[in-house]
Structures are given as structure tokens and as C-alpha cells.
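J.:
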Amino acid sequence: MNNLFHKPCFTGQKTEFYKMKLKKVSINEISDNITKSCWNYNIQYEMILKDSHTLLIDLIGKEKEILLKYHKKDIITKNDYEGFINYLENYEIERGIYITTGFFEKHIYDNLHKKVKKIDVKRFIKKQPNIDKLSFLQYLP
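All residue numbers for the sequence shown refer to the numbering used here, where the first residue is 1 and numbers rise by one.
(1) Do residue 53 and residue 100 count as a contact pair if the criterion is CB distance below 8 Å?
(2) Closest to residue 27 by C-alpha separation, out of 49, 37 and 45, would be which residue?
(3) Looking at C-alpha atoms only, which residue of 109, 115 and 110 is the closest neighbour of residue 85?
(4) Give the list of continuous beta strand (DSSP E) stretches no shorter than 3 residues that lie fully inside the segment 3-86.
(5) Have a look at 60, 51, 23 and 30 and flag the residue whose alpha-carbon is nearest the alpha-carbon of residue 41.
(6) With a threshold of 8 Å on Cβ separation, who are the neighbours of residue 128 within its own chain once the five nearest residues in sequence on each side are excluded?
(7) Within the continuous beta strand (DSSP E) that includes residue 98, where are the two ends?
(8) May I ask which residues mark the beginning and end of the beta strand (DSSP E) holding residue 131?
(9) Residue 55 to residue 21, Cα distance in whole Å?
(10) Looking only at its own chain, which residues have a Cβ that is under 8 Å from the Cβ of residue 15, when we skip the five neighbours before and after it?
(11) Would you say residue 106 reaches chain B, if we count a Cβ-Cβ gap shorter than 8 Å as a contact?
(12) Can the beta-carbon of residue 45 be found closer than 8 Å to that of residue 58?
(13) Quick check: the Cα distance between residue 142 and residue 76, rounded to an integer number of angstroms?
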């Protein structure tokens with residue numbers, strides 16, 4: 001009976017499996033997914049940075065503006081995080097979402113920067129209805 005209400009926990013081998021699957025997804029696929037969602041929901045966007053490991057995109061909705069960064073890296077360092085904060089300040093954007101296929105350093109988790117939602121691989125996987133078809137709708141303004 002307890003198993004009916006047991007929420008799946010993404011630890012150990014399962015997390016590693018999904019993490020490897022996420023690493024295989026190209027930045028172009030992520031970019032296409034987000035831009036298609038923007039077109040469907042009439043959200044303006046500006047691509048700021050796109051390379052083989054990083055996607056930085058400014059999402060402009062009717063009421064708010066969000067800077068979204070998708071980073072394919074195992075550990076996000078303080079320098080990576082501060083660089084993202086600098087982009088927020090330079091582009092004068094109120095809120096940011098930092099998604100990584102790895103984890104943040106401990107002191108970044110402890111930093112309660114209210115402007116930035118930090119999403120590591122575990123949190124990202126839990127929010128995905130289907131790991132084979134990623135959805136970014138919940139991160140759009």
C-alpha cells in the first residue's frame with residue numbers, strides 16, 4: 001500500500017542514466033525546443049550566447065523578463081554563477097533561471113540570491129514529464 005504513494009526518487013544509477021541522456025542532448029535541440037515554445041506562446045526572445053555547452057537566452061513576456069541559462073557542465077563554479085549574475089545586471093533583467101546538467105558548488109546553494117532560480121540535474125529531471133522529450137514551458141515568463 002505504501003508503494004502507491006511513493007514518489008520516485010532520482011538517486012544513484014537512475015540519476016546517472018538521466019544525466020547521461022541529458023548530456024547527449026545538443027544545445028541546438030534545447031535552443032529549438034525553447035524557441036518553438038516561445039513562438040507558440042507569443043514570447044519574445046533574444047539569443048545572447050550559444051556554444052556547444054552553453055545557451056543564454058533573454059525571454060521577454062508580457063509581464064516579466066527572464067534570463068535563462070542552460071549549461072552542460074558537471075559542476076557550476078562560483079565564477080560561472082557570478083558571470084550569470086553579471087549578465088543579469090548588464091541586461092537589467094529582474095529574474096534569472098540557471099539550469100545545469102550537473103550540480104552547483106555548495107556555497108552557491110547557500111547563496112540565497114532571490115533573483116536566480118538554481119536548477120540542478122535532479123530538480124530538472126523531477127520536473128520533466130518525459131525525459132525523451134524535454135519541456136521548458138514552466139521556465140517561460
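Glycine residues also receive a C-beta, built at the ideal position from the N, C-alpha and C atoms.
T.: Judging by the given coordinates:
(1) Your numbering for residue 100 matches position 100 in the sequence shown. Your numbering for residue 53 matches position 53 in the sequence shown. Taking the C-beta atoms as reference points, residue 53 is found no nearer than 8 Å to residue 100.
(2) Position 27 of the sequence shown, counted from the start, is the residue given in the question as residue 27. Of 49, 37 and 45, the residue nearest in Cα terms is 49.
(3) Start at 1 with the first residue of the sequence shown, and residue 85 comes out as number 85. Answer by Cα proximity: 115.
(4) As far as the segment 3-86 is concerned, its whole beta strand (DSSP E) runs of at least 3 residues are 44-50, 54-60 and 65-71.
(5) Here residue 41 refers to the residue found at position 41 of the sequence shown. Comparing Cα positions, the closest option is 60.
(6) Numbered from its first residue, the sequence shown carries residue 128 at position 128. 134 and 135.
(7) On the sequence shown, residue 98 is found 98 positions in, with the first residue counted as 1. Counting along the chain, the beta strand (DSSP E) containing residue 98 begins and ends at 95-100.
(8) The sequence position of residue 131 within the sequence shown is 131, counting from 1. Looking at the DSSP string, residue 131 is not in any beta strand (DSSP E), and its letter there is neither H nor E.
(9) Residue numbering aside, residue 55 sits at position 55 when the sequence shown is read from its first letter. Residue numbering aside, residue 21 sits at position 21 when the sequence shown is read from its first letter. Each residue's Cα considered, the two are about 18 Å apart.
(10) Counting from one through the sequence shown, the residue named residue 15 turns up at place 15. Scanning its chain for C-beta atoms nearer than 8 Å, with the 5 sequence neighbours on each side dropped, one finds around residue 15 the residues 121, 122 and 125, in chain order.
(11) The displayed structure is made up of one protein chain only, and chain B is not part of it.
(12) Position 45 of the sequence shown, counted from the first residue, corresponds to residue 45. Position 58 of the sequence shown, counted from the first residue, corresponds to residue 58. A contact, by the Cβ cut-off of 8 Å.
(13) Because residue 142 is not part of the residues shown, which for the chain are 1 to 141, the question remains open.
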